[in-house]
Each structure stands twice: as C-alpha cells, then as structure tokens.
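J.: Counting from 1, one number per residue, gives the positions in the sequence shown under the UniProt record's numbering.
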Amino acid sequence: MDLIGGPFSVIESDPGVFTALTRKLGVKNLSVVEVFDIEPWATDHLQPHGLIFCFHWRKDIHRPAEFENPEQVWFANQLSDDACATHAILNVLLNCPTVNLGHELQQFRDETKEMSPVMKGLAVTNSTHIRNVHNSLARQADLRGSLNAIATTTLSAQKAKAKEQQQSLKKRHAATPSKSKLHMKTKPKTKPVDSADSAEEEEAFHFIGYVPAFGKVWELDGLKPGPLEVGELALANNTTGWMDVARPAIRMKMAKYGGGTDAGNIQFSLLALVDGTYEKANDEWEYWRRERRSIERRLDDTDGNWKAKVDQEFLLKVSEHAFTLPDAPGRMFLQAGSHRLLRDAEILSSSPDTLLGQWETAVREAVRTKIDVEEEIKKAGDDWTDHIKRTHDYEPFVVDYIKCLCRDGFLEALLDIAKSPNQNNGSITAGKAKKPKMTLPDDQIDKEDSHNADDDE
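1. Given a threshold of 16 other Cβ atoms within 10 Å of its Cβ, counted over all protein chains shown, does Tyr287 qualify as buried or as exposed?
2. Return the first residue and the last residue of the alpha helix (DSSP H) that Glu374 is part of.
3. Do you know how far the Cα of Thr19 is from the Cα of Leu315?
4. Which of the three DSSP states, helix, strand or coil, is assigned to Ile11?
5. Could you tell me if Ile371 is buried or exposed, where buried requires 16 or more neighbouring beta carbons within 10 angstroms of its beta carbon?
6. Pro48 and Glu34 look like a contact to me (Cβ under 8 Å); what is the Cβ gap, rounded to whole Å?
7. For residue 458, report the span of its beta strand (DSSP E) as first-last.
8. Quick one: give me the first and last residue of the alpha helix (DSSP H) that Pro212 is part of.
9. When the Cβ atoms of the stretch 93-111 are set against those of the stretch 205-222, are three or more pairs found closer than 8 Å?
10. Which of the three DSSP states, helix, strand or coil, is assigned to Glu232?
11. Using the C-alpha atoms, what's the distance from Thr369 back to Lys28?
12. Mind checking which residues open and close the alpha helix (DSSP H) that includes Leu325?
13. Is it right to say Pro117 is buried, meaning 16 or more other beta carbons lie within 10 angstroms of its own, or is it exposed?
14. Nearest-angstrom Cα distance between Asp383 and Val17?
15. Confirm, please, whether the CB-CB distance from Gly222 to His87 is below 7 Å.
16. What does DSSP give as the partner residue(s) for Cys54 in the beta ladder?
17. Determine the direct distance from the alpha carbon of Lys159 to that of Gly226, and round the result to whole angstroms.
18. What span of residues does the alpha helix (DSSP H) with Lys280 cover, start to end?
19. Leaving out the 5 sequence neighbours to the left and right, which residues in its chain are closer than 8 Å to His339 when beta-carbon positions are compared?
20. Could you name the residues of the same chain whose beta carbon sits closer than 8 Å to that of Leu405, not counting the 5 residues immediately before and after it, in chain order?
21. Is Arg292 closer than 7 Å to Ala362 when the C-beta atoms are compared?
22. Please report the straight-line C-alpha distance between Gln165 and Asn238, rounded to a whole angstrom.
23. Name, in chain order, the residues that DSSP records as bridge partners for Glu34.
24. Expressed to the nearest angstrom, what Euclidean distance is found between the alpha-carbon atoms of Ile38 and Ser80?
25. Run the CB neighbour count on Ala281, radius 10 Å, all protein chains shown included, and call it buried at 16 or more, exposed below.
26. Quick check on Asp400: buried or exposed, where buried means 16 or more other Cβ atoms within 10 Å of its Cβ?
27. Can you tell me whether DSSP reads Trp242 as helix, strand or coil?
28. Using the Cα positions of Glu320 and Ile89, report the straight-line distance between them to the nearest angstrom.
29. Do you know offhand how far Ser349's Cα is from Leu355's?
30. Between which residues of its own chain and Met115 is the CB-CB distance below 8 Å, once the five residues before and five after are set aside?
31. Hey, would you say Ser269 sits closer than 7 Å to Asn135, going by beta carbons?
32. Tell me Trp218's beta-bridge partners as DSSP assigns them.
33. I'd like to confirm the pairing. Which residues does DSSP put opposite Asn100 in its beta bridges?
34. Measuring CA to CA, which of Arg364, Gln72, Leu46 is closest to Asp275?
35. In chain order, what residues of the same chain lie with their CB nearer than 8 Å to the CB of Glu376, ignoring the 5 residues before and after it?
36. Rounded to the nearest angstrom, what separates Trp41 and Gly241 at their Cα positions?
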C-alpha cells in the first residue's frame, strides 16, 4: 500500500486516557477531567485552559463555506478519521501560552505555525511521535481494525478506479448516436440513497475544542475549514471569565446535537483541560507541611513550653499522621514557593499566642489536603490498571487456550454443552453432553492394563 505515515486507531473518550495522552506527548502538569455541567458552579473552580466537547456527529449542512483564518490561532484540519481526539487536544493545547508543552510539542508548534490548516493537519498525521503516542492508548483489536480499514479503503479505491476506466473504455467503443438522439433530453439518473449507509455514516462521535486565545474565544473543529470565533473577551490579555463567553455556544451545540434521547441516553460529554490535579493537591499539602515547620521553628525560639498549650491528642496522633505520605515529599510544582516566602516573613513577626492557633489550622489543612493527594494517587493507579487491561493483547492467549482445549478433547464437549437445549435462565445442563475423550500415552495405557490384570487376579 502506498501510504503516508500510518493509521490512527480509535481511542476511548475517557479522562484518564486523555490525561495519559497529554503526558505522553510531553505536556507537564496538566490533567483532563470530566465536567458534568457547564454552569459556573461546576466550571469556575476548575479554571480550565480549554474544553474538549465530544458529541454524536452528523453532517452539518448549514455550516458556512468560508472561514476567516486568523494567522495567530494554531489550527489543523483533521485528515485522519480516527484522530479527532488528538486533533482536538492539539488544537487547544497549542493555543495555550501558559501550558508547558514540553520539548517535542513546542518544537512541533514552532515548525508548523506558518503553515495552512491543511498542511498542519498533514504534519499531525505524519508525525511519528504523535501517532505512536495516540496508538499506544488504543486496544490491540482497534489497532488491527485500523489497518484493516486502510487496506479495505485502498482496495475499494483501486476497484473503483478500474471500474471507471472500464466504463470509459466502453463509452469510447460505443456507436455514435444518431442526430435525432442528440436533441433528446433525458433526466439524469439519480443513485438511490441507502438508508442503512446513511445511518452508519451518522453513527460517529466527534471531538471539537474551545479555547481562549488572542482576546477571543474560538471553536476549533478539525472538520471545518478554519477556527470559528465564538466571542470576544472583556480584556484581550486576560482569559478570566472566558467560560461565560463559551457557555452559550456550548449550550447551542448541545441543543443542536441532542441533549439526550427518549431512552435517556446522553449524546455528548465535556472534558476540561486543567492544571495537574495531583501536582495541585501535592503543592497545597506541601504548603501546609512547610507552614507547620516554620511555625514550630518560631515557637521553639519564643516559647519552649508551647507543646503543653495545645491539644495533646491532636498533637501526638493527628500531627504526625497528617505530614507523612507514601511518596517522598518535598517538591513544589506550581507557584506555592513564592507564596511560602511571603508567609514565612509574616510568621517571624507574629506573636506566640497567634501562632498556636495557626499551628492547629496548619495541621487540620494538612489532613484535608493529604486525603486529596491520596485520592489522586489511587486514581492514577486505577487509570494505569485500566490502561494495562485495555492495551494488553489477549488474542494470543485465547487462540492458544482454544488450541489446548481442542488438543485435549474438551472443545467438542464444551460446544455440545453450549448448544444444549436444556438451559434455564442461562444455566446449562451438562448431563446429556458427551463425555470428553481423553487420549492417554502408550506407556500410560500399558500401566493401566497391568494394573487391571493385577486386580483380576
């Protein structure tokens, strides 16, 4: 097959999968979380860098044919059917100046920023790094399916081309029509639309992005010619409150593509790209750990008997437990370091009586933030377990298992049990099934014969 690059496989629309995708691409301190509502109470505390909207796609006949293509906005057209998730994430990430993209993506952005949307899409499709990361999160069956789809498409295109050449050759050898027939007007034949094919064409999910950039909010749909302006921000250099601009557009998109069916099925999902949830929780816990240490150092200098003035149970049990984690602490990921310096200066000028209450506050906050950190660690472990289960290739095991059943004579019996009509609510009556035929080696048969002869004597 004459292919450029390789296929993109289908990946699941899951926050854990998308977080792993961004981390493997080299993006640092970023997580993808699911948003269950677009109201301010559900989104404002997240402070998202951008949104990924997944919806049940159908052909949009009302979309404008022409788009203004602002040169500043990084936008790539989607040229691979199953790469819409990666395209949506890249279209959002590469327009976020505050996100640490890592070396690979930053270099990719710099090399493609002057390209047209089509050429950027081709660059994404041909990027070995992006394609390998994308496919590393897919199931093995989906990887084989993507290769099979490309083979089928290629063969179909070759057959269509050969058929077209054959029809063209037949027209050349056809007799020249008479003059009377030249003046006859015939209605063009219309090919009937197969409803099943149309339904299958509509059965697809698509990902688009929403991102604030360059004083405006943009809708980035890789299937459209260019970025679509959603609205303007109050301040060109400040993205605060950009969700208020994007919210009406997302509501319209939900209404257009269906907020649910009669059966109550949700037809879309919304994901937010936010600061790393583990890094954020660990940063807050580390802040309060250093808060306690600074306060204790100050109290030791001013009041050597300060431990007798606090709750002893609170001091002995909770304090030590609140400041220990399975992983070695000490690293501060975000901007808490500068805040810590200012706070340490305040502690040096505080009175001992004030510091006692602040010490207890630090312990309580450390308990709360430690729970958040432990939850993030558990969630990361669960996501990794799901990743292993999803990407492991079970086919060799299944094939070898069936071969073993066939070799040992169990397969036929199991098939008879499965076909047995005596089934009650899924239970299988195996009494009438054929007993498996066991084949013993010759030396074992000789031992059995000698043993039977001894019994007869």
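We treat Cβ as the ideally placed atom computed from N, Cα and C, and that holds for glycine. Values in this document were obtained by computation on a predicted structure and should not be read as measured data.
T.: Once the coordinates are examined:
1. In the sequence shown, counting from the first residue as 1, residue 287 sits at position 287. When all chains shown are included, Tyr287 counts as buried.
2. Working through the sequence shown from its first residue, we reach residue 374 at position 374. Per DSSP, Glu374 belongs to the alpha helix (DSSP H) from 352-391.
3. To locate residue 315, count along the sequence shown from 1; it is residue 315. To locate residue 19, count along the sequence shown from 1; it is residue 19. Cα to Cα, Leu315 sits roughly 39 Å from Thr19.
4. Within the sequence shown, numbered from 1, the residue matching residue 11 stands at position 11. Three-state DSSP puts Ile11 in coil, outside helix and strand.
5. In the sequence shown, the residue the question calls residue 371 occupies position 371. Ile371 comes out exposed.
6. Here residue 48 refers to the residue found at position 48 of the sequence shown. Here residue 34 refers to the residue found at position 34 of the sequence shown. So it is not a contact: roughly 12 Å between Cβ atoms.
7. Residue coverage of the chain in this structure runs from 1 to 457, which leaves residue 458 outside it and unanswerable.
8. By 1-based counting over the sequence shown, the position of residue 212 is 212. That residue, Pro212, is in no alpha helix (DSSP H); its beta strand (DSSP E) goes 204-213.
9. yes
10. Residue mapping note: residue 232 aligns to position 232 of the sequence shown, counting from 1. If DSSP states are grouped into helix, strand and coil, Glu232 belongs with the strands.
11. Taking the first residue of the sequence shown as position 1, residue 28 is located at position 28. Taking the first residue of the sequence shown as position 1, residue 369 is located at position 369. Approximately 21 Å, taken between the alpha carbons.
12. As a working mapping, residue 325 is identified with position 325 in the sequence shown. Premise fails: Leu325 is in no alpha helix (DSSP H) and is neither H nor E.
13. Start at 1 with the first residue of the sequence shown, and residue 117 comes out as number 117. By the 10 Å Cβ count, Pro117 comes out buried.
14. Walking along the sequence shown from the start, residue 383 turns up at place 383. Walking along the sequence shown from the start, residue 17 turns up at place 17. Each residue's Cα considered, the two are about 8 Å apart.
15. Looking up residue 87 in the sequence shown gives position 87. Looking up residue 222 in the sequence shown gives position 222. Yes, the Cβ-Cβ distance between His87 and Gly222 is below 7 Å.
16. The count along the sequence shown starts at 1 and reaches residue 54 at position 54. Note: Cys54 sits in a beta bridge opposite Phe207, Ser269.
17. Against the sequence shown, residue 226 aligns to sequence position 226. Against the sequence shown, residue 159 aligns to sequence position 159. Their backbone Cα atoms lie some 34 Å apart in a straight line.
18. By one-based count along the sequence shown, residue 280 stands at place 280. 277-302 is the span of the alpha helix (DSSP H), which, as asked, contains Lys280.
19. Here residue 339 corresponds to residue number 339 of the sequence shown, with the count starting at 1. Closer than 8 Å at the Cβ level, and outside the excluded window around His339, lie Tyr287.
20. Working through the sequence shown from its first residue, we reach residue 405 at position 405. These residues qualify, in order along the chain: Leu411, Leu414.
21. If you number the sequence shown from 1, residue 362 lands on position 362. If you number the sequence shown from 1, residue 292 lands on position 292. Yes. Within cutoff.
22. As a working note, residue 165 is residue 165 in the sequence shown. As a working note, residue 238 is residue 238 in the sequence shown. Cα to Cα, the separation comes out at about 59 Å.
23. Counted from its first residue, the sequence shown places residue 34 at position 34. Partner(s): Leu271.
24. Counted from its first residue, the sequence shown places residue 38 at position 38. Counted from its first residue, the sequence shown places residue 80 at position 80. Answer to the nearest angstrom: the Cα atoms are 30 Å apart.
25. Working through the sequence shown from its first residue, we reach residue 281 at position 281. Looking at its Cβ environment, which holds 16 or more other Cβ atoms inside 10 Å, Ala281 is buried.
26. Residue mapping note: residue 400 aligns to position 400 of the sequence shown, counting from 1. It counts as exposed.
27. As a first step, residue 242 must be located in the sequence shown, where it is residue number 242. Of the three classes helix, strand and coil, the one that applies to Trp242 here is helix, per DSSP.
28. Translated into the one-based positions of the sequence shown, residue 320 becomes position 320. Translated into the one-based positions of the sequence shown, residue 89 becomes position 89. Cα-Cα distance, rounded: 42 Å.
29. For the purposes of this step, residue 349 is identified with residue 349 of the sequence shown, where counting begins at 1. For the purposes of this step, residue 355 is identified with residue 355 of the sequence shown, where counting begins at 1. If you take the alpha carbons of Ser349 and Leu355, they lie about 10 Å apart.
30. Translated into the one-based positions of the sequence shown, residue 115 becomes position 115. The answer, listed in chain order, is Ala123.
31. Against the sequence shown, residue 269 aligns to sequence position 269. Against the sequence shown, residue 135 aligns to sequence position 135. No, they are not a contact pair.
32. What you label residue 218 is simply residue 218 of the sequence shown in a count that begins at 1. The partner list for Trp218 (beta bridge, DSSP) reads Val211, Glu229.
33. In the sequence shown, residue 100 corresponds to position 100, counting from 1. DSSP output for Asn100 lists Lys28 as bridge partner(s).
34. Taking the sequence shown and counting its residues from 1, the one referred to as residue 275 is at position 275. The residue with the shortest Cα to Cα distance from Asp275 is Leu46.
35. The sequence position of residue 376 within the sequence shown is 376, counting from 1. Cβ neighbours of Glu376 beyond the five flanking positions: Thr277, Tyr278, Ala281, Asn282.
36. Numbered from 1 along the sequence shown, position 41 holds the residue referred to as residue 41. Numbered from 1 along the sequence shown, position 241 holds the residue referred to as residue 241. Their backbone Cα atoms lie some 13 Å apart in a straight line.
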